[in-house]
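Below is one structure, written out as structure tokens; the observations come after it.
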Amino acid sequence: MTDSPALALNLSNVSKAFDGLRAVDGVSLAVAAGERRAIIGPNGAGKTTLFSLISGETDPTEGQIFLFGRQVTRLPPHRRATLGLARTYQITNLFPRLTALENCLLAVQALTPAKLHLHRALSRYTDHFARARSVLEAVGLQGKENEVVRTLSHGEQRQLEIALALAGAPKLLLLDEPTAGLSPAESHMMTALLKKLDPAMTLLVIEHDMDVAFELTNRITVLHYGKVIADGLSHEVKADPLVQEIYLGAALETA
Ligand SMILES: Nc1ncnc2c1ncn2[C@@H]1O[C@H](COP(=O)(O)OP(=O)(O)O)[C@@H](O)[C@H]1O
Ligand SMILES: [Mg+2]
551 MTDSPALALN
561 LSNVSKAFDG
571 LRAVDGVSLA
581 VAAGERRAII
591 GPNGAGKTTL
601 FSLISGETDP
611 TEGQIFLFGR
621 QVTRLPPHRR
631 ATLGLARTYQ
641 ITNLFPRLTA
651 LENCLLAVQA
661 LTPAKLHLHR
671 ALSRYTDHFA
681 RARSVLEAVG
691 LQGKENEVVR
701 TLSHGEQRQL
711 EIALALAGAP
721 KLLLLDEPTA
731 GLSPAESHMM
741 TALLKKLDPA
751 MTLLVIEHDM
761 DVAFELTNRI
771 TVLHYGKVIA
781 DGLSHEVKAD
791 PLVQEIYLGA
801 ALETA
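In this text, residue positions in the sequence shown follow the working numbering: the first is 551, and each later residue adds one.
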């Protein structure tokens, strides 16, 4: 089954139930190629589950998922990666005893088709090093390539995770709370580097901080109890009374 190739991502009535709980509940979502979209919503709204459905780590209970016009609903994660999808995780996913560059090299190698490993042994290493260095530079870590990951600051580790996701030159990048746990200065740095990413790459970012979401993207989808309750241009979503109520409610609960 095919779909509009102008859409990087299209979800049609996608649900995921864990026992009785509908973590994602009938979500339809269309993201155009080159768009930058934020997904916001309170804790437990189903945002991370939605990413796992898109990446293929979780199977939907119902609905269909299309990537770049191709139905991928039952494709395993590595096949979706081959189509140009990459994601980062809410929890860090790095090799702490390896250097920043070694982490990037592993990510680049993991994405190189096996048959290429048999040929061009020497130029392959040169290519891989060049690619690894270029993704480190894209996230502002060019001076840190020989530093062991566990000696990097928390903010630098999160930047490195973005670099790993960029290793395969994805067409669609999913970022799960890239500024979570960062200091205001680190968060500012992360936002600046995300803004500078290739504008041709489609970006979907789960963001807890509304200000960061507004700065990075111009369209916002709001999830609440697994359902899309608002979807549109940032200023429209910001003005939506239901969104204001949920966010004000959430702010009062944690106050
Ligand atoms: N593997 C799982 N098994 C059971 N329940 C889960 C699982 N993953 C997530 N959930 C539940 O689904 C809901 C949505 O979780 P999640 O997608 O992580 O929300 P968010 O990222 O918006 O905070 C939560 O109630 C969570 O407890
Ligand atoms: Mg989450």
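Here a beta-carbon is modelled for each residue, glycine too, at the ideal position from N, C-alpha and C.
- Task: Check each residue's C-beta against every heavy atom of ligand 1 and list, in chain order, those closer than 5 Å.
- Result: Phe568, Ala573, Asn593, Gly594, Ala595, Gly596, Lys597, Thr598, Thr599
- Item | Boundaries (first-last residue) of the beta strand (DSSP E) holding His774 | Taken as a continuous stretch (DSSP letters only), the beta strand (DSSP E) holding His774 covers 769–774.
- Item | N-terminal and C-terminal residue of the alpha helix (DSSP H) that Leu656 is part of | 650–660
- Query: Does at least one heavy atom of ligand 2 sit under 7 Å from the Cβ of Asp553?
  - Reply: no
- Closest by C-alpha distance to Asp575, when choosing among Gln614, Arg586, Leu557, Gly606: Gln614
- Less than 8 Å separating the beta-carbons of Gly634 and Pro720? yes
- Query: Quick one, which of Thr767, Leu714, Ala742, Ala763 has its alpha-carbon nearest Asn643's?
  - Reply: Leu714
- Tell me which same chain residues have a C-beta within less than 7 Å of the C-beta of Leu792, skipping the five on either side of it? Closer than 7 Å at the Cβ level, and outside the excluded window around Leu792, lie Ile779, Ala780.
- Query: DSSP state of Met612, grouped into three classes?
  - Reply: For the record, residue 612 in the displayed sequence is Glu; it is not Met. Strand, per DSSP.
- Query: Quick one, which of Leu559, Asp553, Ala558, Ser565 has its alpha-carbon nearest Leu773's?
  - Reply: Ser565
- Query: Whole beta strand (DSSP E) runs in the stretch 558–616 with 3 or more residues, listed along the chain?
  - Reply: If we require 3 residues or more, the beta strand (DSSP E) runs fully inside the stretch 558–616 come out as 571–582, 586–590.
- Task: Indicate, with yes or no, if ligand 2 has a heavy atom lying under 7 Å from the CB of Asp761.
- Result: no
- Task: Return helix, strand or coil for Arg683, following the three-state DSSP convention.
- Result: Helix, per DSSP.
- Is it the case that the CB of Asp677 approaches a heavy atom of ligand 2 more closely than 7 Å? no
- Do you know offhand how far Gly693's Cα is from Val762's? 26 Å
- Leaving out five residues on either side along the sequence, give the residues of the same chain with a beta carbon under 7 Å from the beta carbon of Lys597. Ile589, Gly591, Ile756, Leu773
- Message: Does chain C have any CB closer than 8 Å to the CB of Ala750?
- Response: Reference to chain C is not applicable here, since this structure consists of a single protein chain.
- Query: Going by the C-beta, is Asp575 closer than 7 Å to any heavy atom of ligand 2?
  - Reply: no
- Message: Are there any heavy atoms of ligand 2 lying less than 7 Å away from the beta-carbon of Asp726, as far as the coordinates show?
- Response: yes
- Task: Quick one: give me the first and last residue of the alpha helix (DSSP H) that Thr766 is part of.
- Result: It is worth fixing the name first, because residue 766 is Leu in this sequence and not Thr. Counting along the chain, the alpha helix (DSSP H) containing Leu766 begins and ends at 760–766.
- Query: For Leu722 versus Leu625, is the C-beta spacing smaller than 8 Å?
  - Reply: By the CB criterion at 8 Å, Leu722 and Leu625 fall outside the cutoff.
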